[in-house]
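What the sequence shown shows, in our numbering, is residues 1 to 180, in sequence order. Virtual Cβ for every residue (Gly too), placed ideally from N, Cα, C.
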Amino acid sequence: MNFSEYVIGKALYNRWANEKILEAAATLPPAQRDEPLVPGLDSIYAVLNHVLVVDRIWVAEVDGSEFDTPTTRTLLHPDWDGYLADRRRTDARMLELVSGFSDAELTGTLYCDEEIHSELREWPFASEIDHIFRHQAHHRGQVVLLMEATPVGRLKIDGLFVPPDPRLGTAETAAAWSAA
């Protein structure tokens, strides 16, 4: 497996795990999804929104599109349906982006001009891609923990392989993997 296949696999897993979280969160009454369940922690929706904001920032930086938000906590969608559509669109765009990188691009250098990284001015672009998916995994873990306090209970999203999509037949699943 080359690095390009690896990051595509990360994006496919990312999309699958996000979908499992979304399906489970959609079964909750809005109050359980939107209000903090544990004192001092964000709500399920606030955590999911934060991840979407960061992903949208990342996509805009990578593809040169416009996305401006004052903070990574800005609520993008006051309604769940708007959030769902944006999350799915963003996951598809992230998969599209990482599928288009050549090995040369993936092993290239990223130069940082952000003040927060004043000591670190450059690093491998592959590390940036890995970081965005680690960021999602970190916050999905928080959401899984929060969902244990709801009727959803514990979600299993840490399998070794992404299961085939049951909505697709075997040939369609294989085509989706190879197209990505």
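- By alpha-carbon distance to L52, the top candidate from E35, R88 and L110 is R88.
- Taken in chain order, the unbroken stretches of alpha helix (DSSP H) that lie wholly in the segment 26-64 and span 4 residues or more are 30-34 and 44-63.
- Nearest neighbour of R93 by Cα position, chosen from E5, R15, F3 and G9, turns out to be R15.
- Cβ contact annotation for A149 (same chain, cutoff 7 Å, sequence separation greater than five): L37 and V38, in chain order.
- By the C-beta criterion, the segment 61-79 is judged not to be in contact with the segment 1-13, since fewer than 3 inter-stretch pairs fall below 8 Å.
- Excluding five sequence positions before and after T90, the CB atoms of its chain that fall closer than 7 Å to its own CB belong to L52, D55, R56 and V59, given in chain order.
- Contact between L146 and I44 holds, with the beta-carbon distance rounding to 5 Å and staying under 8 Å.
- In the DSSP assignment, T90 is bridged to no other residue.
- Secondary structure note for E128: its alpha helix (DSSP H) is the uninterrupted segment F125 to M147.
- Taking F133 as the centre and dropping the five residues before and after it, the same chain places the C-beta of K10 and N14 closer than 7 Å to its C-beta, in chain order.
- Under the three-state reduction of DSSP, E122 is assigned to strand.
- A distance below 8 Å between beta-carbons, with the five flanking residues on each side excluded, links T109 to the following residues of its chain, in chain order: E122, W123, P124 and F125.
- In the DSSP assignment, the residues bridged to Y111 are E122.
- For L28, the CB contacts under 7 Å within the same chain, skipping 5 residues up- and downstream, are T150 and V152 in chain order.
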